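Inspection log for the structure reproduced underneath, given as structure tokens.
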Amino acid sequence: MRKLLGLLLFTAAAWCVYWFTAATYVGRGAEDWRQARLAEGWTARWSGPQTAGFPAQFSTVLRDIRLAAPGGAYAWTAPSVQIEVPSYKPTAANAIWPGTQALVLGGAEIGVKARRLETGVALSPRPSLPLEAITLVADDLGLSGPGWRATLAEGSVTTRQTPGQPLAHDLSLRLEGLALPEDVIRLIDPTGAQPGAISRVDAKLTAAFDRPLDRSALENTPPMVTMLEISDFAAQWGDIGLKARGMASIDAGGIPDGRFDLRVENWRAVFAIAKAQGLVAEGFEETALRALEGLAGLTGDPADIDAPLSFQNGFMSLGPVPLGPAPRLLPAYRQ
Numbered sequence: 001m002r003k004l005l006g007l008l009l010f011t012a013a014a015w016c017v018y019w020f021t022a023a024t025y026v027g028r029g030a031e032d033w034r035q036a037r038l039a040e041g042w043t044a045r046w047s048g049p050q051t052a053g054f055p056a057q058f059s060t061v062l063r064d065i066r067l068a069a070p071g072g073a074y075a076w077t078a079p080s081v082q083i084e085v086p087s088y089k090p091t092a093a094n095a096i097w098p099g100t101q102a103l104v105l106g107g108a109e110i111g112v113k114a115r116r117l118e119t120g121v122a123l124s125p126r127p128s129l130p131l132e133a134i135t136l137v138a139d140d141l142g143l144s145g146p147g148w149r150a151t152l153a154e155g156s157v158t159t160r161q162t163p164g165q166p167l168a169h170d171l172s173l174r175l176e177g178l179a180l181p182e183d184v185i186r187l188i189d190p191t192g193a194q195p196g197a198i199s200r201v202d203a204k205l206t207a208a209f210d211r212p213l214d215r216s217a218l219e220n221t222p223p224m225v226t227m228l229e230i231s232d233f234a235a236q237w238g239d240i241g242l243k244a245r246g247m248a249s250i251d252a253g254g255i256p257d258g259r260f261d262l263r264v265e266n267w268r269a270v271f272a273i274a275k276a277q278g279l280v281a282e283g284f285e286e287t288a289l290r291a292l293e294g295l296a297g298l299t300g301d302p303a304d305i306d307a308p309l310s311f312q313n314g315f316m317s318l319g320p321v322p323l324g325p326a327p328r329l330l331p332a333y334r335q
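Residue numbers (our numbering): 1 to 335.
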């Protein structure tokens, strides 16, 4: 019993030393980072940090934050931010953002307001620091700038490394009440028939990459998606509904090969939007309309279309209707 008690006391003392030493390094790390930015010509000031949370976590708060890059093209101002790191896993962190903050991106001012805004990241404790998970949760989020505003009632994004597949990640997305800026809505829907807010978007998918998502992905060319599997996708915008599931591989040139089963509710509204955007070639409108009517007739409900969107040999088709060359799914840095 005495040995057990001694072991417990030693463990508790060692944990105390670890926690308070690490908490000290948190403050030193923040100050070292600030001094490095000042040496580069940044504006970098805040009060704190104050670290609490013993013994389970390091909960660090910075207040009165002002960061600005040289020239002022990029800046961040916030009354506070709280960063929580589990003391048993220092490669994971969760940030709790304030109700109001201000950003400058490329010289454009953006105001951010939210009832709740939290982000988190978890890395594997290995030298390459591979990504394990990312989380983002937002309630009553609003973004605004000169002449525009966007809001989101509720939203969440989570990613997790796919079990047994080190190069793949599962992603879950949920958006409710997404109101885009009026100019964006007019660009998407020139007909003006749909409301200014997208009711909901739900998605579950898996993406595989050609290289791991680790620290090398930041230091070198980012990895490219080689496979996309949609296990569930559903979106509702006004009287337009869209559902999809399927899988496609993506080659080194960005060309997809695979199939996604689509369900489009109120396809005529979608066709009207595509026509207003100029996506339907002049002189091909009647032919496209007749083909879509034929597809809708196969479902039993003339208002909806159930058909596979297929990618094969560099071309794509919706059911038996050819749509032309498949898009190249390459990010800008690879084009």
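The C-beta atom is built at its ideal place from N, Cα and C for all residues, glycine as well. Since we're looking at a predicted model, the values are computed, not measured.
Setting aside the 5 residues that flank it on each side, D140 is surrounded in the same chain by A114, R115, A153, each with a C-beta closer than 7 Å to its C-beta; the list follows chain order. Annotation for L103: W76, I110 place their beta carbon closer than 6 Å to its own, counting only its chain and skipping 5 residues before and after. Of all C-beta pairs linking the region 305-319 to the region 261-269, three or more are shorter than 8 Å, placing the two stretches in contact. Secondary structure note for R174: its beta strand (DSSP E) is the uninterrupted segment 168-179. By the 16-neighbour rule on beta-carbons within 10 angstroms, A281 is exposed.
Excluding sequence positions up to five before and after L105, its CB lies within less than 7 Å of the CB of Y74, all in the same chain and listed in chain order. Out of G107, G155, Q50, the CA that lies nearest to the CA of G72 is found in G107.
Residue range 267-276 is occupied by the alpha helix (DSSP H) that includes A276, with no beta strand (DSSP E) assigned at that position.
Comparing alpha-carbon positions, the option among R186, E285, D189, L228 lying closest to R245 turns out to be L228. Of P130, I230, F209, I188, the smallest CA-CA separation from L330 is found for F209.
The three-state reading of DSSP puts D202 in strand, counting E and B together. V184 counts as exposed, since fewer than 16 other C-beta atoms from the protein chains shown sit within 10 angstroms of its C-beta. Taken atom to atom, the span from the alpha-carbon of Q277 to that of I188 is near 8 Å. Burial check for W33: the Cβ neighbour count within 10 Å stays below 16, so the residue is exposed. Minimum Cα-Cα distance from A168 among the listed residues T191, P146, L131 corresponds to L131. A straight line joining the alpha-carbon of G258 with that of I134 spans about 28 Å.
L298 is classed as exposed because its beta carbon has fewer than 16 other beta carbons within 10 Å across all chains shown. Fewer than three Cβ pairs drawn from the region 83-95 and the region 171-179 lie within less than 8 Å of each other, which leaves the two stretches out of contact.
At the C-beta level, A272 and A207 stay beyond 9 Å of one another. Annotation for R290: the continuous alpha helix (DSSP H) segment containing it runs 285-297. With fewer than 16 other CB atoms across the displayed protein chains lying within 10 angstroms of its CB, N313 is exposed. For V184, the enclosing alpha helix (DSSP H) starts and ends at 182-188.
T51 and V26 do touch by the CB rule: their CB atoms are close to 5 Å apart, below 8 Å.
Put simply, of R211, V321, S172, V201 the residue whose alpha carbon is nearest the alpha carbon of M224 is R211. Counting along the chain, A217 sits inside no beta strand (DSSP E); it lies in the alpha helix (DSSP H) bounded by residues 215-219. When DSSP states are grouped into helix, strand and coil, W97 belongs to the coil group.
In this structure S87 does not touch P125 by the C-beta definition: roughly 13 Å separates them, more than the 8 Å allowed. Each residue's CA atom was taken as its position, placing L213 and P222 some 8 Å apart. A distance below 7 Å between beta-carbons, with the five flanking residues on each side excluded, links P98 to the following residues of its chain, in chain order: A78, P79, S80, V81. At the C-beta level, V112 and Q101 come within 9 Å of one another. The straight-line gap separating the alpha-carbon atoms of A296 and L279 is approximately 20 Å. For I255, there is no enclosing beta strand (DSSP E), as DSSP marks it with neither H nor E.
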